[in-house]
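Count along the sequence shown from 1, add 1, and you get the number used in the numbering used here.
In what follows, a structure is listed as structure tokens, so that the remarks can point back to it.
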Amino acid sequence: NPTMYPMGDVDWFRFHDSDEFGHAIYPQVGIRDIPSGSNYDLCAYATCDTTCETGTAATFDGLQGCCSRSASNADEEVRLNPDCSGADDSVDVFIHVVQVSGPATCTTPYSLRWGDD
């Protein structure tokens, strides 16, 4: 499980969501178990045009995505709706976790989950 250490740590992850049957896909990302006294933000960005089913629209380095910025150590969740060209919406999703406040810790991990519904 990932941790936020040292202070100012930023974690990046990547996964591929395959559109196996030519249907709409909805990549989801969530973080849980944020240590008490800490606040983390979660963003997910896709490699094609994307709107948010859950979260607030955001961009990073030309990628479109969604962010969750709940206060304190509340769970964070985003759900993307990618619209790639053609019938295939397969997409790479880049996950960005930022420590907004709280102590750095290498002994108290947070839980990250990702997938599609």
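Just so you know, even glycine gets a beta-carbon here, dropped at the ideal spot from N, CA and C.
Query                                                                                                                            : Result
Rounded C-alpha distance that separates Arg33 from Cys49                                                                         : 27 Å
Cα-Cα separation, Gly56 to Phe14                                                                                                 : 18 Å
Validate contact between the region 35-55 and the region 99-113 using beta carbons, cut 8 Å, 3 pairs                             : yes
Contacts around Pro83, its chain only, beta-carbon distance under 6 Å, and the 5 residues preceding and following it disregarded : Ala47, Cys49, Thr51, Asp90, Val92
Phe95: first and last residue of the uninterrupted beta strand (DSSP E) it sits in                                               : 92-102
Contained beta strand (DSSP E) runs [length at least 3] in the region 21-83, N- to C-terminal order                              : 28-33, 40-47, 51-55, 57-61, 64-69, 77-83
Ser69 to Leu81 span [Cα, whole Å]                                                                                                : 12 Å
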